[in-house]
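Asks: Quick note on UniProt numbering: the sequence shown kicks off at 1 and runs consecutively. Heads up, the beta-carbon is just placed ideally off N, CA and C, and yes, glycines get one too. Here it is, the structure in full.
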Amino acid sequence: MDILYSGHLHSTDSVPITFLTVCLHIKVCHAELNAILNKNSADVKGCTIYVALFPCNECAKLIIQSGITEILNVSDKHHDTDHMIASRKLLDMAKVKYSQFIPSIKTLTIDFSSIDDCVYNHWTQ
Ligand SMILES: [Zn+2]
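Take a look at the structure:
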């Protein structure tokens, strides 16, 4: 299982700040993009993707093109926005299933200290 997250694009530090203040969101990679690009398998055809929020229309296109066949999302709080309406239409056309995932736990803690004592020792110094 991979746990990925939204993050900024690599090598974008040279983009002028004035431009970024107008379009700050352009530097963000949504978690779906990171998950698909950083998969630890040859491909994700036929896979299920678990996401916190229902995917936007841009991520829906990535999901469709990657061959993912099912989406389980925790929240759909932006359900009525144009991006989400477009996303559902795209996913429906591609016959990608989607439904809400209700986790059995509310929080998940990852103990990185169990992975590598050197990393843990670095944090505690
Ligand atoms: Zn997205």
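(1) Go ahead and pull the three-state DSSP assignment for Lys97.
(2) Rounded to the nearest angstrom, what separates Leu108 and Arg88 at their Cα positions?
(3) For the alpha helix (DSSP H) containing Ile36, list its first residue and its last residue.
(4) Report the three-state DSSP secondary structure of Leu53 (helix, strand or coil).
(5) Which residues in the same chain as Ala52 place their Cβ atom closer than 8 Å to its Cβ, once the five residues preceding and following it in sequence are excluded?
(6) For Cys29, is the beta carbon positioned less than 6 Å from some heavy atom of ligand 1?
(7) For Ala60 and Asn40, I'd like the C-alpha separation in whole angstroms.
(8) By the 10 Å Cβ neighbour count, where 16 or more other Cβ atoms means buried, how is Val28 classified, buried or exposed?
(9) So what's Leu72 in DSSP terms, helix, strand or just coil?
(10) Between which residues of its own chain and Asn57 is the CB-CB distance below 7 Å, once the five residues before and five after are set aside?
Replies: Answer, in terms of the structure:
(1) In this structure, Lys97 counts as strand in the three-state DSSP scheme.
(2) Using only the alpha carbons, I get a separation of about 29 Å.
(3) Ile36 -> alpha helix (DSSP H) spans 31-37.
(4) If DSSP states are grouped into helix, strand and coil, Leu53 belongs with the strands.
(5) Around Ala52: Ala31, Asn73, Val74, Ser75.
(6) Not under cutoff, so the answer is no.
(7) Whole-angstrom Cα-Cα distance: 20 Å.
(8) The residue in question, Val28, is exposed, as its Cβ has fewer than 16 Cβ neighbours within 10 Å.
(9) Judged by DSSP in its simplified three-state form, Leu72 adopts strand.
(10) These residues qualify, in order along the chain: His83, Ala86, Ser87, Leu90.
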